[in-house]
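Visitor: Got a structure here, written out as structure tokens. Questions coming.
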Amino acid sequence: MWPMDATGVPTPWAPSAGEHLAINRAEVLRYLGYTGQEMEPELADRIETVVATLEASLAPRGVWAVFALRGTDGDAPEDTDGAPPLSLDGSTVELAGRDIRRHLAGAPWCAAFAVTLGMDVERRLRTAGSQHPLEAAVLDAAASAAVEAAADALNTEVEHRAAAANLLCTWRFSPGYGDLPLDAQPGLLAALNATRLCGITATPTNLLMPTKSVTALVGLFPQAADADGRNQAGQTARPDARLACATCRFASGCSLRARGETCGRSAPA
Amino acid sequence: MTDTATTVLAPLTSRLAAGEAYRPRTLDALRIADGDLRAVLEGKRHLLFDGGMGTMLQAAGLKAGAAPELLNLSDRQAIERVHAAYVEAGAEVITTNTFGANALKLGDAAQVEEVYAAAVAAARAAGARYVAGDIGPLGALLRPLGTVSFDEAYREFARMARAAEEAGADLIVIETMTDLAEMRAAVLAVKEQTRLPIFATMTFEADGRTFLGTPPEVAAVTLDALGADVIGINCSLGPAEIRPFVQRMLGVTAKPVMVQANAGLPHVEDGQTVYSIGPEEYAAAVAEMVTDGVGVIGGCCGTTPAYTELLARIVAGCTPQTRTERPDFTCASAQRLVCLAEGTRQVAVIGERLNPTGKKRLQAALRAGDMDYVVGQGISQQEQGADALDVNVGLPGLDEPATMERVSEQLQASVVLPLQFDSTEPAAIEAAVRRYAGKPIINSVNGSAESLASVLPLAAHYGCNVIGLTLDEQGIPETAEARLKIAERIVREAEHWGIGRERILIDCLVMTVSTNQHQAQEILRAVQLVHDRLGVRCALGVSNVSFGLPARELLNATFLAAALGAGLDAPIINPGSERYMDVIRSFRVLNAEDEGSSAYIERYAGQTDPYRVAADVAAGKLVASDNSAGAAAKTPTQADTPAAGAAGADGSPVDTADQHEAIRHLVVTGRRGETARACEELLATVEPLELIDGYLIPALDEVGALFDRGKLFLPQLMASAEAARAGFDVIRAALPEASAAAKGAVCLATVKGDIHDIGKNIVKMLLDNYGYEVFDLGRDVEPEAILSCVREHGIRLVGLSALMTTTVANMASTIELLKREMPGVTIMVGGAVLTPDYARQIGADYYAKDAAESARICEEVLGA
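Taken in sequence, the protein lines are chains A and B.
Quick note: the first sequence uses my numbering, first residue 54, plus one each step.
Quick note: the second sequence uses my numbering, first residue 4, plus one each step.
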């Protein structure tokens, strides 16, 4: 049983005192299309200044909650016709599509979380966009990397809590990945009370606001049984040979893919 | 602009023009249930609200994320039971279960009116003494950062307010707001649509600001001026954490203050959700706040009737202390308060540069709708030390109300300074102040009957400060005494409208000394008289004084100092003038505003006196040279590589191939400063158009090609565009006629529903640097707005961007509209989710895979 003994209570999160989120410079450059081009030192300085300034001022907030999962029994059926809807027990959230079903297959519980960089970053993005286009492009990439780092940090927190209860986590899956539609966002935010606790809302077209926000779902299941770290259901926490591109939201328009390259993430962006 | 548009933008002005009389809001005009409630609103009686509803319902099994409002219809008895429990515990006010009962959240599930009707009925049936119609946030962010317009938000709140009043609520409580713009829409909606008392509370985080950055003082002064009857704080924090914030509110408003704190944070114990602060601890902390001066108390998340019982004991038989408000002058943006405190000689600089008179570049930007330039002028004044910004957009032929509204909205996204709206057209003033998130200044009203009648109601209704000009139907008077008389008239009239003298700045109107030399003394005397006899603060624009004389800045600066000495509180000046700001900063030592002179010392300690250096140069002590860092010159940073020279070391002309190579190299490596210098030198021997078309453009083309091959990545593409732009600017400055006159115009927009604009902004930057005239409509743009722009400016090429698969459908409908109405227009599309196939499917003419491709498409479509 989940150690908290009951589910559905949203818990606010912020990086702990002394925990400074680091922005991965290589990731920022990848978002900007960097593949090893030779850069003028002045430009490299400009880029680093933008990234470092953002990094020093990061104050992300988040919220997470664990729910019992309903509608996933046994293996993921390829054909979902007639299958009960996948839902987070004690909430109004229903998850549509095959990919999330596959992702959460066999997991008795699901942790949902949301994280955001906040409105101040939003304002800075907006101002840079109107005044300094180059800095704005770099800031946008840096903020994307930063919110991923914040999501990683909250994800890690969830993993620690899970480990304390002898549970393993899947990697995180967000609305917009694969065939999990964006219209899951409002329900997810409501179930997490994310508007009151973090100030995150969704636009009428289901985009998160502040834009540098992430919502995600992580399956929780009993510990590994064998040496490969697989449990009875055959799942591992961090599968290595995953088709990252197949579940990446940028798959169809990714310029790296267009050039026959990958971004190298084993977890999707 | 059509009459309907004006009526929407400036409804009060339209009604006044139609002959309606405006009556300022007073308690007498409201529908107040009984004498006790009235006493509460007058600050003479406490009032006890109920506690949390959501937590009670969740404890009873409501699912996380489910809408509790629908229970009013489906399980009214459950709601009544909760209400009854609070009534029994002693709550005088029952808040209706309508927190999220707006049309955006309810959708098809129920109508706003039926939910409010059922909710109010449930509260009544439970035996509530007073029923508060509850209004919570809409759940979507307002523009400019979000997608909901102010008017849209207003309409939703208006519907909720009317529904609550019709259902029989005794008062309205607007709560848990974090966005001051949204709060304003809600308060105005209740004020204009009902006659009910307004209780307005905002939610602050541990850092003392709302999620949108508003501190407690700003919320309090804005809501007080806007006409909320009770102001306060709810949610997010426990009572002990809220206390310092409530104290800050108590310090700036005399209106009754309200607190509804959370019972701490929830966790699970033995299968139950438990909040960290129990009833006794909670009540003890609230009691402290009542001692501080809080009049109205209740509970938010996590509180139950057990908490209410203890709170009832705190206020039983108690009367709130009388509180007065110090008559400080306050103006505010959503993030910042500017305060000229009573009894001090503090001064506030109002930046004057956002005024198109005599400013060609600004005029062009306003006409073209180039908001980036306008906002940039605001940002630079902020950086130069202005405390507030004057905003004037009056230009012949320009739709002033619409432009003023748009400029105000855009400024608020990027500038934290309070704004001052400057216009002679009341509709333009109203278009801005109706929607302004904060407490603005209106510039101006004057002593004429017409002005008083059309401007003061706006200041009263919208909670603004106002500058009063000492002129009337007879013009500007000669003497200080005559100016004082007009000032008195303005102050008296303002008082009738409920505008206290602490909200007024009198501008005694500066005449030019070259024609009216004795006037200077009169103006200074007038400032003194207004201060001494009227007790009202003064504003003044100083630059008029020197018109027609040499060394204008010198004379203006001296007059500024003299005026500050005479009592000027708010000079309206150009903060970009070092001389003026030196006067301000040194005066702030003399008036003790700069405590311990610390800012002055920090700034000036290392500085060289500009007069001394000039004297030294004259005395031959320093040799002025290009490499000297002294004197006044700010030299551009010199890089190591030598600039491309037009002449070789021995004076012979350099090979033009070398010249081309030099420019090419500088642009490709993205060196702004050097490209500018190189172009400057080349202008001596190369024709400007040849420099553009033969040197810079081919260099940019090559950059595009390198980018496509992956040899350059995005920041390098942009740095190169900046370098080319630096070159263009040099050429344009030297020979304005040579500027890339109409290479063609392009309209860019991110389509409706989509708020991602980085890609579009990159395209904009590149096309701009290629010399195209770019009309950037921004993001989340209606198809009709794009059509209007195309029509108005005769545009032949439109670029649309969308990042989400869900918004690409809006792209299709936009294309459809454009093709139907303007068949000659070419459309290119771009965005991460698009493919050439899909672009074809939705009817686009071109698919642009990146910014460089967009430039090529422009060349193809417009180049001929």
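Positions of the beta carbon are idealized from the N, C-alpha and C atoms, including for glycine.
Note down the Cα distance separating G103/B from P68/A, rounded to an integer number of angstroms.
Guide: Answer to the nearest angstrom: the Cα atoms are 30 Å apart.
Visitor: Taking a Cβ distance cut-off of 7 Å, strictly less, list which residues of the region 758–792 of chain B are near chain E, in chain order.
Guide: The structure shown contains no chain E; its protein chains are A and B.
Visitor: Distance check for W66/A and E212/A, CA to CA, integer angstroms please.
Guide: Whole-angstrom Cα-Cα distance: 14 Å.
Visitor: For the candidate residues L191/B, S454/B, Q196/B, T58/B, whose alpha-carbon lies nearest to that of T276/B?
Guide: Out of L191/B, S454/B, Q196/B, T58/B, T58/B has the C-alpha closest to the C-alpha of T276/B.
Visitor: What residues in its chain sit with their C-beta under 7 Å from that of D193/A, if we drop five residues either side in the sequence?
Guide: The answer, listed in chain order, is L178.
Visitor: What residues in its chain sit with their C-beta under 8 Å from that of L790/B, if we drop five residues either side in the sequence?
Guide: Excluding residues within five positions, the ones whose Cβ falls inside 8 Å are L820, L821, E824, M825.
Visitor: For V146/A, return the contacting residues in chain B, with the cut-off set at a CB-CB distance below 7 Å.
Guide: G68, listed in chain order.
Visitor: May I ask you to list, following chain order, the residues of the region 415–445 of chain B that have a beta carbon less than 8 Å from some beta carbon of chain A?
Guide: Listed by position along the chain: A416, S417.
Visitor: Which runs of the beta strand (DSSP E) fall wholly inside the region 444–469 of chain B and span at least 3 residues, in chain order?
Guide: Listed in chain order, the complete beta strand (DSSP E) runs (minimum 3 residues) inside the region 444–469 of chain B are 444–449.
Visitor: Can you name, in chain order, every residue of its own chain whose Cβ lies under 6 Å from the Cβ of L85/A, other than the five neighbours on each side?
Guide: The answer, listed in chain order, is A194.
Visitor: Which whole-angstrom value is the C-beta distance of V530/B and C541/B, which I expect to be below 8 Å?
Guide: Confirmed, about 5 Å.
Visitor: How would you list, in chain order, the residues of chain B whose beta-carbon sits under 8 Å from the beta-carbon of N259/A?
Guide: Under the 8 Å cutoff, chain B gives T809.
Visitor: DSSP three-state label for M180/B, please.
Guide: M180/B: strand per DSSP, three-state reduction.
Visitor: Which whole-angstrom value is the C-beta distance of A337/B and G441/B, which I expect to be below 8 Å?
Guide: Between G441/B and A337/B the Cβ distance is about 5 Å, and since that is below 8 Å, they are a contact.
Visitor: For L245/A, which of helix, strand or coil comes out of DSSP?
Guide: Correct three-state label for L245/A: coil.
Visitor: So, does the region 213–225 of chain B touch the region 34–43 of chain B, judging by three or more C-beta pairs under 8 Å?
Guide: The answer is no - the region 34–43 of chain B does not touch the region 213–225 of chain B, with fewer than three Cβ pairs under 8 Å.
Visitor: Can you tell me whether DSSP reads N100/B as helix, strand or coil?
Guide: Three-state DSSP puts N100/B in coil, outside helix and strand.
Visitor: When you check each C-beta in the region 811–843 of chain B against every C-beta of chain A, which residues fall closer than 8 Å?
Guide: So the list reads G834, A835, V836, L837, T838, given in the order they occur along the chain.
Visitor: My output table needs one value for H663/B: the three-state DSSP class, helix, strand or coil.
Guide: In the structure shown, H663/B sits in a helix (DSSP, three-state: H, G or I).
Visitor: Comparing C-alpha positions only, which one of G466/B, N559/B, A726/B sits nearest to A231/B?
Guide: Comparing Cα positions, the closest option is G466/B.
Visitor: For G774/B, tell me which candidate among G797/B, C792/B, D732/B, A812/B has the shortest Cα-Cα distance.
Guide: G774/B has its Cα closest to that of D732/B, out of G797/B, C792/B, D732/B, A812/B.
Visitor: In this structure, does DSSP put K714/B in helix, strand or coil?
Guide: Note: K714/B maps to coil in three-state DSSP.
Visitor: Please report the distance separating the alpha-carbon of G115/A from that of K763/B.
Guide: Cα-Cα distance, rounded: 30 Å.
Visitor: Is the shortest distance between the beta-carbon of G71/A and the beta-carbons of chain B less than 8 Å?
Guide: No, because no Cβ of chain B sits closer than 8 Å to the Cβ of G71/A.
Visitor: Quick one: what does DSSP say S816/B is sitting in, helix, strand or coil?
Guide: Correct three-state label for S816/B: helix.
Visitor: For the candidate residues P14/B, P259/B, A63/B, whose alpha-carbon lies nearest to that of E23/B?
Guide: Of the candidates P14/B, P259/B, A63/B, the one whose C-alpha sits nearest the C-alpha of E23/B is P14/B.
Visitor: Excluding the 5 residues preceding and the 5 following V545/B in the sequence, name in chain order all residues of the same chain whose CB lies nearer than 7 Å to its CB.
Guide: So the qualifying residues of the chain are V513, N559, F562, L563, A566, P574, I576.
Visitor: In or out: G827/B buried (at least 16 other Cβ within 10 Å) or exposed?
Guide: So G827/B ends up on the exposed side.
Visitor: Could one say the Cβ of H270/B lies closer than 8 Å to chain A's Cβ atoms, at least one of them?
Guide: Yes, its Cβ sits closer than 8 Å to a Cβ of chain A.
Visitor: Using a Cβ-Cβ cut-off of less than 8 Å, give me the residues of the region 164–198 of chain A that come near chain B, in sequence order.
Guide: The region 164–198 of chain A vs chain B, Cβ under 8 Å: G171, M172, D173, E175, R176, R179, T180, G182, S183, Q184, P186, L187, A189, A190, V191, D193.
Visitor: Flag this pair as yes or no: are the beta carbons of F120/A and L141/A separated by less than 8 Å?
Guide: Yes. Within cutoff.
Visitor: When Cβ atoms are compared, which residues of the region 353–384 of chain B fall closer than 8 Å to chain A?
Guide: So the list reads M374, D375, V378, G379, I382, given in the order they occur along the chain.
Visitor: Please report whether the beta-carbon of T256/B lies at a distance below 8 Å from any beta-carbon of chain A.
Guide: No, T256/B lies away from the interface with chain A (no Cβ there is under 8 Å from its Cβ).
Visitor: For the putative contact between G235/B and V262/B, defined by C-beta atoms under 8 Å, what is the C-beta separation to the nearest angstrom?
Guide: Rounded, the Cβ-Cβ distance is 5 Å, consistent with contact.
Visitor: Compare the C-alpha of I830/B against each of D840/B, T838/B, M814/B, V836/B and name the closest.
Guide: Answer by Cα proximity: M814/B.
Visitor: Jot down the residue ranges of each uninterrupted beta strand (DSSP E) in the region 223–302 of chain B, minimum 3 residues, whole runs only, in chain order.
Guide: Fully enclosed beta strand (DSSP E) runs of 3 or longer: 233–237, 260–264, 269–272, 275–278, 299–302.
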